[in-house]
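Note that the protein sequences, when read in sequence, are chains A and B. Per this note's numbering, the first sequence starts with residue 16, numbered consecutively. Per this note's numbering, the second sequence starts with residue 16, numbered consecutively. To keep things clear, I will list the structure first and then write my remarks on it.
Number of protein chains: 2
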Amino acid sequence: MDLIKELGALALATRLKRLGEKLQKDASRIYGLFSVEFEGKWFALLYALNEHSPMGVTELADYLQLTHPAINQVSVEMEKAGLLKSTANPRDRRQRLLQLSDKGKNLCRSLEPLWSEIAAATEELVAESGVDLLSVLGKIEDSLDNEDIFTRVKKKNRSLICDKIGIIDYKPGLKKHFESLNREWLDEYFDIEPEDEKVLSDPNRHVIKPGGFILFARFNGKIIGTTAVKKHEGDIYELTKMGVTREYRGCYAGRKLTSKALEKLREMGVKKVVLQTSKKLKTAIKLYESFGFKRDTCDAPWAYGYSRETITMSLDL
Amino acid sequence: MDLIKELGALALATRLKRLGEKLQKDASRIYGLFSVEFEGKWFALLYALNEHSPMGVTELADYLQLTHPAINQVSVEMEKAGLLKSTANPRDRRQRLLQLSDKGKNLCRSLEPLWSEIAAATEELVAESGVDLLSVLGKIEDSLDNEDIFTRVKKKNRSLICDKIGIIDYKPGLKKHFESLNREWLDEYFDIEPEDEKVLSDPNRHVIKPGGFILFARFNGKIIGTTAVKKHEGDIYELTKMGVTREYRGCYAGRKLTSKALEKLREMGVKKVVLQTSKKLKTAIKLYESFGFKRDTCDAPWAYGYSRETITMSLDL
DNA sequence: ATTATATATGTAAGTACTTACGTAATAAGG
DNA sequence: CCTTATTACGTAAGTACTTACATATATAAT
């Protein structure tokens, strides 16, 4: 009769939401039963401010695991209802400090017995299932924090995804992908420096024309990763600007890109590849090491002097 | 750190919703990972139509436990996306029969492996908690169907609520309450007949002026119930038109109203009360019996000939 | 002291639904 | 057969949030 129940684990999400909504609706009906003028969505904010006040909007958003616009909207409503008042923080005039008004405190006091009743009835309900749902929920939340469903599914299918990743050459139409893929990891770990900006804004001029090349990883028609090989003076070839978009990291796209780049270099008769990376990029370093790259002990005169701390590696082909 | 977690049973609803939303978001990301153009909210409809087709909008709404506007909106979207087509039912031209298009069926086929993966990963996640969450959820849903939180809290506090219910006399301003309270149960169990309409539209003329009275039950300033006593020819007094609004049923408001009515009749020196009710109204009959009312075996010439089947009762004061 | 960057907040619009209400077609009752 | 429900569906607006974006202030870096 009820498809969502029949679907089991596949529709767990819908079922959890549905149950949660039912419980919230019941709570609202209980407020109505006792003629307390109170909306369910005010609960978290009222409770939080009753415990700990004053608090800023963002601070509350963090505490209540909501977005700051949510807090902003609810706080405006509650202020209109006379339940709280906000004052600018004199030490930081950006901040709006929220605290309960007397009316808000009184409301809290009249709600407390209802909250006890709701909590007690909920505990009773849960107890009927014979399982400590709260702790089960806690465990699931922790497991999910540790590794969410997306990551689990990706991990299980990484080889399958990898098999379907194709490596293609640079075309002018792909310039924007070269730029955005690299900006993604640069923004994540470093500041973008003029040298980065130069290469990203005109890869044809700064990579391909001097005798290098650029590769892209494509999956299901989507460009998901890239890498470049730059030619320096003295026939030095540098592996650089490798990036894989976040959602596809861990699917061996970087490995496939590097492998193809090295293959191309071998075909070109190149005998040695160098690269510059950073200690921060641990997965990258591991990847390079797996291809046989070793950290340079001697000087690397080809290396660009980025502000970010770098290490250089090289591999004899 | 996280207030919602700290609050335990009181914030169970929020937590369940939050977890459900997280799982749904992950599912969407997985569709994106495999470049399937599919929105999470389409899932239920697509799945249902793949299993069983064609189906009407309302039929699907029942099956998926959603409202029919939800199905309507999603179906319009999915039709735009070419995933389903709708045809008017030739036997009932109100009905729009939905079925998957070839594109929809193909999409289903390409989604099936993803659904397996999602289900497997979810099962794995749940298994880590060491508890069969699905069956726990089922039990909780059943418990809730049996008696929801609202009813539990109301039951626990019925005496407390009852103590605060006051009985007040008719005032012209309360006419609309007399009408709506009675319409509530009449609509629920019967058709409203001309006799009902007459009394409800002008209680002053048809109840009070002939020598009867009307009482109201008030809780926290809200009118939650009513009853009337009509005087018939030959000093016959009839208890009638008793109704308590749904949310407050089970809090002894009817008992209090009846008790007060009988008390007033005794004060008036009345020796016998009669009433007319229906087999359908089991709680009402029980209530009357608890006051000593007995089913009439002989004729009740005062009784109005409602179309609905009635039984008459009487009590010697 | 400037300039750049980050932070705290506000605002608009979107999302996945819901409730409330309106309309056309069918079924039921007289 | 005609009137009156009832049913199936559609539409509009509301809800409890979210994301995306704008703005003012504060802090850090030069």
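Just so you know, even glycine gets a beta-carbon here, dropped at the ideal spot from N, CA and C.
Query, Result
"Which of helix, strand or coil DSSP assigns to residue 232 of chain B", "strand"
"DSSP-derived helix/strand/coil call for residue 129 of chain B", "helix"
"Inter-residue Cα distance where the pair is residue 110 of chain A and residue 77 of chain A", "15 Å"
"Closer than 7 Å: residue 144 of chain A CB and nearest the ligand MN heavy atom", "Absence of the ligand MN is noted for the structure shown, with no ligands found whatsoever."
"Nonlocal neighbours in the same chain, by C-beta distance under 6 Å from residue 295 of chain B, ignoring five residues either side", "204"
"Neighbour-count burial assignment, residue 197 of chain B, 16 or more Cβ in a 10 Å radius", "buried"
"Buried or exposed by the 16-neighbour rule on C-beta atoms within 10 Å, applied to residue 102 of chain B", "exposed"
"Chain A residues whose Cβ lies nearer than 7 Å to that of residue 88 of chain B", "The premise fails here: residue 88 of chain B is roughly 17 Å from chain A at the closest Cβ pair, so nothing lies under 7 Å."
"Residue 238 of chain A at chain B interface by Cβ criterion, 8 Å", "no"
"For residue 62 of chain B, the first and last residue of its enclosing alpha helix (DSSP H)", "58–66"
"Sub-8 Å separation of residue 133 of chain B and residue 168 of chain A beta-carbons", "yes"
"Closer than 8 Å to chain B by CB, residue 178 of chain A", "no"
"Short Cβ contact (8 Å threshold) for residue 29 of chain A with residue 35 of chain B", "yes"
"Beta-carbon neighbours of residue 169 of chain A, restricted to chain B and to distances below 7 Å", "48"
"Beta carbon proximity, residue 30 of chain A to chain B, threshold 8 Å", "yes"
"Unbroken stretches of the alpha helix (DSSP H), 4 residues or longer, contained in the region 50–121 of chain A", "58–66, 72–79 and 83–95"
"Residue 199 of chain B vs residue 240 of chain B beta-carbon contact at 8 Å", "no"
"Opening and closing residue of the alpha helix (DSSP H) in which residue 168 of chain B lies", "164–171"
"8 Å Cβ cutoff, residue 202 of chain A in contact with chain B", "no"
"8 Å Cβ shell around residue 10 of chain B - same chain, five flanking residues per side excluded", "Summary: the structure shown does not reach residue 10 of chain B, with chain B confined to residues 16 through 332, and so no result is reported for it."
"Buried or exposed (CB count within 10 angstroms, at least 16 for buried), residue 125 of chain A", "exposed"
"Whole-angstrom C-beta distance between residue 159 of chain A and residue 37 of chain B, which should lie under 8 Å", "7 Å"
"Residues that residue 133 of chain A contacts on chain B, provided the C-beta gap is smaller than 7 Å", "25, 164 and 168"
"For residue 329 of chain A: DSSP bridge partner residues", "A/289 and A/309"
"Those residues which DSSP pairs with residue 263 of chain A across a bridge", "DSSP output for residue 263 of chain A lists no bridge partner at all."
"Counted within 10 angstroms of its Cβ, other Cβ atoms place residue 16 of chain A as buried (16 or more) or exposed", "exposed"
"Helix, strand or coil at residue 295 of chain B [DSSP, three-state]", "coil"
"Residue 246 of chain B, enclosing beta strand (DSSP E) - first and last residue", "237–247"
"Residue 130 of chain A at chain B interface by Cβ criterion, 8 Å", "yes"
"Contact list for the region 136–152 of chain B against chain A, Cβ threshold 9 Å", "136, 137, 138, 139, 140, 141, 143, 144, 145, 146, 147, 148, 149, 150, 151 and 152"
"Other residues of its chain near residue 192 of chain B: CB distance less than 7 Å, five sequence neighbours each side excluded", "231, 238 and 241"
"Proximity test, Cβ basis, 8 Å: residue 80 of chain B and chain A", "yes"
"Test: residue 235 of chain A CB closer than 8 Å to a CB of chain B", "yes"
"DSSP three-state assignment for residue 184 of chain B, whether helix, strand or coil", "strand"
"Reduced DSSP category for residue 252 of chain A - H, G, I as helix; E, B as strand; rest coil", "strand"
"Sub-8 Å separation of residue 288 of chain A and residue 317 of chain A beta-carbons", "no"
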